[in-house]
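Single-structure report; data block below.
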Amino acid sequence: MDMYEPFIDLLSKCAIFKGIPREQLEGTLTSLNAKLRRYRKGEIIFSLGDRLTRGGIVLEGEVEVGFMDDEANEVNMNHFTAGHQFGNAMACTDIASSPIQMRAVTDCAILYLDFRSLLNSDVPLDLTQQRVAANLIREFAARNVFLNEKVRILSQKRLRARIRIFLAGRPMDADGIVRLPFSKKELASYLGVDRTAFFRELARMRDEGILETGRDYIRVLDAAFLK
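Spelled out as structure tokens, the structure:
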């Protein structure tokens, strides 16, 4: 458990361990056969086609999840930083190969968890295991909402409609500012559009007084745009 000590505060805040007291985390990690692994910047964490038998939690650094399109171009789907989880759904299924890949954007540390004890045990789950299982169900529901948004975005023919749906689905402060989870170039990939066309559309919307952009944010000036 000593190796996990620097990450206890982080782990106690992770959704997968919600409702589990700090003093019970050690036993929970043991029951999930937790393994810690470190990766260097640029290293592939897993590739398309790999078999994933464990879910993961990013403890340090940043990772990128994506896939390859039909022309072998890398398409970014999402970025994860410390505290974010990944691969839990695949680890809980019999999927033979991963449809996505992950690489380290920075040096990073990842904690892997084995959920097979929750799914295949003939012994009744204890209270902490029941809590983890319930938290997994909540996570899968949230992931379903995310994927539904992604499908809705990609189904739009007009670029401006894709931007609108993305902004409408993000937290916005009182000044109309939406903080971006990644760079604008990566946002273009997330929206599934050409980067040049994306920046051209942002410029048009700025000139029309609909929004303004900063390094890591988009500010909506015309609230009617989101309706």
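Mapped onto my numbering, the consecutive letters of the sequence shown carry residue numbers 1 to 227.
Even glycine gets a Cβ: it sits at the ideal position worked out from N, Cα and C.
Discussion item. Since Ala-104 and Ile-45 should fall inside the 8 Å C-beta cutoff, what is the C-beta to C-beta distance between them, to a whole number of angstroms?
Written reply: Position 104 of the sequence shown, counted from the first residue, corresponds to residue 104. Position 45 of the sequence shown, counted from the first residue, corresponds to residue 45. Between Ile-45 and Ala-104 the Cβ distance is about 6 Å, and since that is below 8 Å, they are a contact.
Item to complete: Could you tell me whether any non-hydrogen atom of the ligand SAM is closer than 6 Å to the CB of Gly-19?
Response: Annotation note on the ligand SAM: not contained in the displayed structure, which lists no ligands.
Discussion item. I need the boundaries of the alpha helix (DSSP H) containing Tyr-217, first residue and last residue.
Written reply: By 1-based counting over the sequence shown, the position of residue 217 is 217. That residue, Tyr-217, is in no alpha helix (DSSP H); its beta strand (DSSP E) goes 217 to 220.
Item to complete: Could you check the C-alpha separation between Asp-114 and Glu-149 for me, to the nearest Å?
Response: The residue you call residue 114 lines up with position 114 of the sequence shown. The residue you call residue 149 lines up with position 149 of the sequence shown. Those two C-alpha atoms are separated by around 29 Å.
Worksheet entry | CB contact flag (Cys-92, Val-63, <7 Å) | What you label residue 92 is simply residue 92 of the sequence shown in a count that begins at 1. What you label residue 63 is simply residue 63 of the sequence shown in a count that begins at 1. Not in contact: Cys-92 and Val-63 (Cβ atoms no closer than 7 Å).
Discussion item. Under DSSP, the beta strand (DSSP E) around Ile-45 begins and ends at which residues?
Written reply: For the purposes of this step, residue 45 is taken as residue 45 along the sequence shown, with counting starting at 1. Start and end: 44 to 46.
Discussion item. In the DSSP assignment, the alpha helix (DSSP H) including Thr-213 goes from what residue to what residue?
Written reply: One-based indexing of the sequence shown puts residue 213 at position 213. First-last for Thr-213: 211 to 213, but that is the beta strand (DSSP E), not the alpha helix (DSSP H).
Discussion item. Does Gly-87 pass the burial test, meaning 16 or more other C-beta atoms within 10 Å, or should it be called exposed?
Written reply: Taking the sequence shown and counting its residues from 1, one reaches residue 87 at position 87. So Gly-87 counts as buried.
Worksheet item: Where does Asp-207 land, buried or exposed, given buried means 16+ other C-beta within 10 angstroms?
Response: Reading the sequence shown from its first residue, position 207 is the one you call residue 207. Looking at its Cβ environment, which holds fewer than 16 other Cβ atoms inside 10 Å, Asp-207 is exposed.
Worksheet item: Counting along the chain, where does the alpha helix (DSSP H) carrying Tyr-4 start and finish?
Response: In the sequence shown, counting from the first residue as 1, residue 4 sits at position 4. Where Tyr-4 is concerned, there is no enclosing alpha helix (DSSP H), given that its DSSP letter is neither H nor E.
Discussion item. Looking only at its chain, what residues have a beta carbon closer than 6 Å to the beta carbon of Gly-214, apart from the 5 residues adjacent to it on each side?
Written reply: Taking the first residue of the sequence shown as position 1, residue 214 is located at position 214. Here the set comprises nothing.
Worksheet item: alpha helix (DSSP H) containing Val-145: first to last residue?
Response: Here residue 145 refers to the residue found at position 145 of the sequence shown. It spans 127 to 154 - the alpha helix (DSSP H) in which Val-145 sits, taken as one unbroken run.
Item to complete: Inspect the beta-carbon positions of Val-65 and Met-102 and report whether they are closer than 7 Å.
Response: Translated into positions along the sequence shown, residue 65 becomes position 65. Translated into positions along the sequence shown, residue 102 becomes position 102. Against a cut-off of 7 Å, the Cβ pair of Met-102 and Val-65 comes out as a contact.
Practice prompt. Would you list the one or two residues that DSSP bridges to Cys-92?
Written response: Residue 92 sits at position 92 when you count from the first residue of the sequence shown. Cys-92 is not bridged to any residue.
Fill in: The alpha helix (DSSP H) enclosing Arg-164, as first and last residue numbers
Your numbering for residue 164 matches position 164 in the sequence shown. Run containing Arg-164: 159 to 168, per the alpha helix (DSSP H) assignment.
Worksheet entry | Whole-number beta carbon distance between Leu-118 and Ala-133, since they are thought to touch under 8 Å | Numbered from its first residue, the sequence shown carries residue 133 at position 133. Numbered from its first residue, the sequence shown carries residue 118 at position 118. The Cβ separation is near 5 Å, so the contact holds.
Discussion item. Quick check on the burial criterion: 16 or more other C-beta atoms within 10 angstroms. Buried or exposed for Leu-48?
Written reply: Here residue 48 corresponds to residue number 48 of the sequence shown, with the count starting at 1. Leu-48 is exposed by the Cβ-count criterion.
Worksheet item: In three-state DSSP terms, what is Arg-40?
Response: Reading the sequence shown from its first residue, position 40 is the one you call residue 40. Assignment of Arg-40 by DSSP, reduced to helix, strand and coil, places it in the coil class.
Discussion item. Buried or exposed, going by whether 16 or more other CB atoms sit within 10 Å of the CB of Met-205?
Written reply: As a first step, residue 205 is located in the sequence shown; it is residue number 205 there, counting from the start. Buried, by the Cβ-count rule.
Worksheet item: How would you write the range of the alpha helix (DSSP H) that Leu-187 sits in, first residue to last?
Response: What you label residue 187 is simply residue 187 of the sequence shown in a count that begins at 1. Taken as a continuous stretch (DSSP letters only), the alpha helix (DSSP H) holding Leu-187 covers 184 to 191.
Discussion item. Between Asp-216 and Leu-180, how many whole angstroms is the CB-CB distance? I'm expecting something under 8 Å.
Written reply: Start at 1 with the first residue of the sequence shown, and residue 216 comes out as number 216. Start at 1 with the first residue of the sequence shown, and residue 180 comes out as number 180. At roughly 5 Å, the Cβ-Cβ gap stays under 8 Å, so Asp-216 and Leu-180 are in contact.
Discussion item. Rounded to whole angstroms, what is the Cα-Cα separation between Phe-140 and Arg-54?
Written reply: Here the question's residue 140 lines up with position 140 in the sequence shown. Here the question's residue 54 lines up with position 54 in the sequence shown. So the two alpha carbons sit approximately 15 Å from each other.
Discussion item. Residues in the same chain with beta-carbon distance under 7 Å from Ile-210, minus the five sequence neighbours each way, listed in chain order, please.
Written reply: Here residue 210 is taken as the residue at index 210 of the sequence shown, counted from 1. Hits under 7 Å: Leu-221, Asp-222, Phe-225.
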